[in-house]
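First comes the structure, then the notes that go with it.
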Amino acid sequence: MIIFALDSSGSAASAAVMKDGKILAESYSNVGLTHSVTLLEICDQVFARASLTPADVDVFAVSEGPGSFTGLRIGVSLIKGFAFQYDKPCISVSTMEAIAGNIRSPGTLIVPVNDARRDRVYYAAFRDGVRLVEDSVAEISELPEILPEYGDSCLLAGDAAQKTASLIGSSFICEAVPEHITMCRASSVAAAALVLYNSGSMMSASELAPKYHQLSQAERERNKQINN
Amino acid sequence: MTDFSGTYYSDSRGDTLELARRFAADIEPGDVIAMYGDLGAGKTVFVSGAAKALGFDGFVTSPTFAIVNEYQGGKYPIAHFDMYRITDENDLFSTGFYDYLDMGFVMFIEWSENIEYAIEDSFIKITFSGSGDERRTITIEDGRFSR
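Line by line, the protein sequences are chains A and B.
No gaps in the numbering here: position 87 of the first sequence is 100 in the numbering used here, and each next residue is one more.
No gaps in the numbering here: position 91 of the second sequence is 92 in the numbering used here, and each next residue is one more.
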């Protein structure tokens with residue numbers, strides 16, 4: 014069973030091919046948001062290195078967001094195109110879930126954080142592979158109030174992990190994971206997609222859509238908190 | 002880098018183009034130029050002069066309907082926005098505004114009033130006044146120095 018996975022939800026872009034749970038080839042670059050220029054070439058490289066063609070793929074997977082508006086549209090459109098042409102199913106993976114899957118640490122609260130601009134982050138929380146918090150957006154300064162509900166300390170991952178650790182480190186025990194496991198990568202998307210494949214969570218190309226997290230939702234949630 | 006802060010006067014389209022040409026010499030990738038002023042005050046003419054000075058040789062038009070025009074092929078890529086219909090941050094997000102910032106575009110923004118909350122303090126503010134055949138007053142506040 015061959016999964017082709019793509020991530021262009023943030024500043025980095027990557028593609029990977031996974032066969033029966035094993036990553037055959039992956040290409041990753043984090044040299045600025047030029048996905049519209051680089052992503053097709055990255056896909057070509059990965060197929061060439063794995064000695065496969067798109068027609069060999071059983072499932073096409075992509076990180077659905079939250080993340081960059083342009084990046085998500087590029088990634089989702091490309092996967093839709095592949096899946097439509099070869100009439101294969103798609104799997105849509107939460108960017109937060111893909112990042113959390115990079116880390117195994119029993120009993121540890123894992124909090125992926127990706128930059129949402131203006132000192133805000135997209136975040137979620139997981140422990141032992143179980144999701145505790147839905148994909149959300151918050152000001153970084155609010156996290157020390159939000160996170161204690163789920164644990165006394167956490168590991169941070171994602172493109173805003175270092176920044177978040179330095180901003181909230183004095184009020185909540187946390188540590189950013191190392192660079193090589195902190196980003197959402199296509200291999201992370203493939204690994205999460207395999208789990209979803211085994212549980213039958215697939216969709217058609219026409220059903221696949223990016224999930225832009227509504228920024229104003231953060232404001233509404235905050236107002237609700239203030240009003241309660 | 003020159004601080005362009007000051008008040009300038011323009012008696013013609015040519016004057017505005019010339020001011021923009023001089024101004025563009027010190028523009029850098031990621032600079033945000035927020036423009037204020039009524040229809041016909043010279044905002045699009047100014048962008049046109051600056052884009053040409055940066056080496057873009059195509060047409061510059063007001064992005065009223067497109068919301069954003071990209072001008073590629075010059076020294077730096079330019080994103081030219083009209084934020085008139087951008088009323089909340091979800092709208093702003095869906096213009097790709099933040100992505101253009103990350104990609105190092107020079108950002109010329111008309112109707113910046115609507116998105117002031119999203120601009121860093123170091124932006125360059127240009128206010129245009131005057132209409133018809135009147136002399137235009139063009140005030141530049143170069144936030145790269147003063148804020």
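Each residue gets a CB set at the ideal place from its N, CA and C atoms; glycine is no exception.
Any beta-carbon of chain B closer than 8 Å to the one on residue i?
i, result
"residue 225 (chain A)", "yes"
"residue 130 (chain A)", "yes"
"residue 95 (chain A)", "no"
"residue 139 (chain A)", "no"
"residue 135 (chain A)", "no"
"residue 154 (chain A)", "no"
"residue 24 (chain A)", "yes"
"residue 81 (chain A)", "yes"
"residue 47 (chain A)", "yes"
"residue 84 (chain A)", "yes"
Does residue i pass the burial test, meaning 16 or more other C-beta atoms within 10 Å, or should it be called exposed?
i, result
"residue 35 (chain A)", "exposed"
"residue 148 (chain B)", "Its pLDDT being 47, under 50, residue 148 (chain B) is placed unreliably by the model, and nothing is read from it."
"residue 143 (chain A)", "exposed"
"residue 161 (chain A)", "exposed"
"residue 47 (chain A)", "exposed"
"residue 120 (chain A)", "exposed"
"residue 136 (chain B)", "exposed"
"residue 44 (chain A)", "exposed"
"residue 30 (chain A)", "buried"
"residue 76 (chain A)", "buried"
"residue 68 (chain A)", "exposed"
"residue 88 (chain B)", "exposed"
"residue 84 (chain B)", "buried"
"residue 83 (chain A)", "buried"
"residue 86 (chain B)", "exposed"
"residue 71 (chain A)", "exposed"
"residue 14 (chain B)", "exposed"
"residue 27 (chain A)", "buried"
"residue 118 (chain B)", "exposed"
Would you say residue i lies against chain A (beta-carbon separation less than 8 Å)?
i, result
"residue 99 (chain B)", "yes"
"residue 24 (chain B)", "no"
"residue 119 (chain B)", "yes"
"residue 113 (chain B)", "no"
"residue 94 (chain B)", "yes"
"residue 91 (chain B)", "yes"
"residue 2 (chain B)", "no"
"residue 104 (chain B)", "yes"
"residue 29 (chain B)", "no"
Taking the beta strand (DSSP E) that residue i belongs to, which residues open and close that run?
i, result
"residue 17 (chain A)", "15-20"
"residue 219 (chain A)", "Note, residue 219 (chain A): premise wrong, no beta strand (DSSP E); not H, not E."
"residue 35 (chain A)", "35-42"
"residue 123 (chain B)", "Where residue 123 (chain B) is concerned, there is no enclosing beta strand (DSSP E), given that its DSSP letter is neither H nor E."
"residue 144 (chain A)", "143-152"
"residue 3 (chain B)", "Where residue 3 (chain B) is concerned, there is no enclosing beta strand (DSSP E), given that its DSSP letter is neither H nor E."
Span of the alpha helix (DSSP H) holding residue i?
i, result
"residue 109 (chain A)", "108-113"
"residue 1 (chain B)", "Outside the modelled stretch of chain B, which goes from 2 to 148, sits residue 1 (chain B), for which no answer is possible."
"residue 116 (chain A)", "It is not in any alpha helix (DSSP H) - residue 116 (chain A) carries neither H nor E in the DSSP assignment."
"residue 90 (chain A)", "82-99"
"residue 131 (chain A)", "Counting along the chain, residue 131 (chain A) falls outside any alpha helix (DSSP H), and DSSP gives it neither H nor E."
"residue 48 (chain A)", "48-62"
"residue 114 (chain B)", "That residue, residue 114 (chain B), is in no alpha helix (DSSP H); it is neither H nor E in DSSP."
"residue 200 (chain A)", "199-211"
"residue 103 (chain B)", "98-103"
Rounded to a whole number of angstroms, what is the C-alpha to C-alpha distance between residue i and residue j?
i, j, result
"residue 134 (chain A)", "residue 146 (chain B)", "29 Å"
"residue 96 (chain B)", "residue 103 (chain B)", "13 Å"
"residue 196 (chain A)", "residue 138 (chain A)", "15 Å"
"residue 114 (chain B)", "residue 130 (chain A)", "19 Å"
"residue 164 (chain A)", "residue 31 (chain B)", "39 Å"
"residue 145 (chain A)", "residue 113 (chain A)", "12 Å"
"residue 112 (chain B)", "residue 51 (chain B)", "18 Å"
"residue 44 (chain B)", "residue 90 (chain B)", "24 Å"
"residue 136 (chain A)", "residue 111 (chain A)", "12 Å"
"residue 66 (chain A)", "residue 42 (chain B)", "56 Å"
"residue 101 (chain B)", "residue 80 (chain B)", "7 Å"
"residue 140 (chain B)", "residue 11 (chain B)", "11 Å"
"residue 132 (chain A)", "residue 125 (chain A)", "15 Å"
"residue 37 (chain B)", "residue 130 (chain B)", "9 Å"
"residue 29 (chain B)", "residue 55 (chain B)", "10 Å"
What I want to know is whether the C-beta of residue i ends up closer than 7 Å to one or more non-hydrogen atoms of the ligand GDP.
i, result
"residue 79 (chain A)", "As far as ligands go, the structure on display features none, and thus does not contain the ligand GDP."
Quick check: the stretch 171-185 of chain A against the stretch 87-102 of chain A, are at least 3 beta-carbon pairs closer than 8 Å?
no
Quick test of the definition: if touching needs 3 or more C-beta pairs under 8 Å, does the stretch 198-213 of chain A touch the stretch 16-32 of chain A?
yes
Given 8 Å, three or more beta-carbon pairs between the stretch 185-194 of chain A and the stretch 210-220 of chain A:
no
Evaluate the contact criterion for the stretch 102-118 of chain A versus the stretch 3-13 of chain B: three or more CB pairs, one atom per stretch, below 8 Å.
no
Is it the case that the stretch 123-134 of chain B contacts the stretch 54-69 of chain B, given that we only count it when at least three CB pairs across the two stretches are under 8 Å?
no
Given 8 Å as the limit, is there contact between the stretch 69-77 of chain B and the stretch 50-57 of chain A, that is, 3 or more CB pairs closer than that?
no
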